[in-house]
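Below: one structure, written as structure tokens.
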Amino acid sequence: MFESQGLDCVFLETHMNPKKRIHMLYECVPLPRELGDMAPIYFKKAIMECDEEWAMNKKLVDLSSKNIRQAVPRGLPYFSVDFGLQGGFAHVIENQDKFPYYFGKEVLGGMLDLEPRRWRKPIRENFDDQRKKVLQFSQWWKTFDCTKSQ
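Okay, so the sequence shown: first residue is 1 according to the UniProt record's numbering, each after it adds one.
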């Protein structure tokens, strides 16, 4: 769907604090194609530099040949980024108190040269603005919806 608009997609998955209310977050972020091609480099560097120097688990897990369920032991908190058909990376979070829940957005914000307030304290949208975005997305999705008969 985004490819028809000349965009790439990055999928962010954060699994932290399983006993809290919001413990699993999966986001799809469309990017301009030029930045989408550079995204693996940015995320690889950011994952290698995050968390502590000495860790019990591998810092960067390559997901090009396996999925996240095979790569990360069950029950451990993790961050994962997927670049569509190119595969992606995962990182087992050693210390949940020090790892920011907005890590993926922070990397994307750095790529797009955005201010930190855009991902740390996003502005709440009113219902009408959200409704307009949903209607716009449903128009884009209409030609790709396999559940509707043509």
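Quick reminder that beta carbons are idealized off the backbone N, C-alpha and C, glycines included.
Going straight from the alpha carbon of residue i to that of residue j, what length do you get?
i	j	result
residue 8	residue 91	22 Å
residue 47	residue 148	40 Å
residue 56	residue 94	8 Å
residue 167	residue 115	As shown, the chain starts at 1 and ends at 150. That puts residue 167 outside it, with no answer to give.
residue 18	residue 24	8 Å
residue 113	residue 40	17 Å
residue 73	residue 124	35 Å
residue 31	residue 49	23 Å
residue 38	residue 61	18 Å
What is the C-beta distance between residue i and residue j, in whole angstroms, given that I count them as a contact (C-beta under 8 Å)?
i	j	result
residue 43	residue 99	Not a contact, Cβ separation roughly 15 Å.
residue 83	residue 10	6 Å
residue 118	residue 110	With a Cβ gap of about 11 Å, residue 118 and residue 110 do not count as contacting.
Taking 6 Å as the limit between beta carbons, can you name the residues of its chain near residue i, skipping five residues before and five after?
i	result
residue 144	1
Going along the chain, which residues of its own chain have a beta-carbon closer than 7 Å to the beta-carbon of residue i, five neighbours each way excluded?
i	result
residue 101	14 and 16
residue 76	92
residue 64	87
residue 105	119
residue 71	61, 63 and 90
residue 107	42, 43 and 46
Once you ignore the five residues that flank residue i on each side, which residues in its own chain have a CB closer than 8 Å to its CB?
i	result
residue 68	13, 78, 80 and 90
With DSSP collapsed to three states, give me the class of residue i.
i	result
residue 63	coil
residue 99	coil
residue 127	helix
residue 94	coil
residue 81	strand
Per DSSP, residue i forms a beta bridge with which residues?
i	result
residue 14	25 and 79
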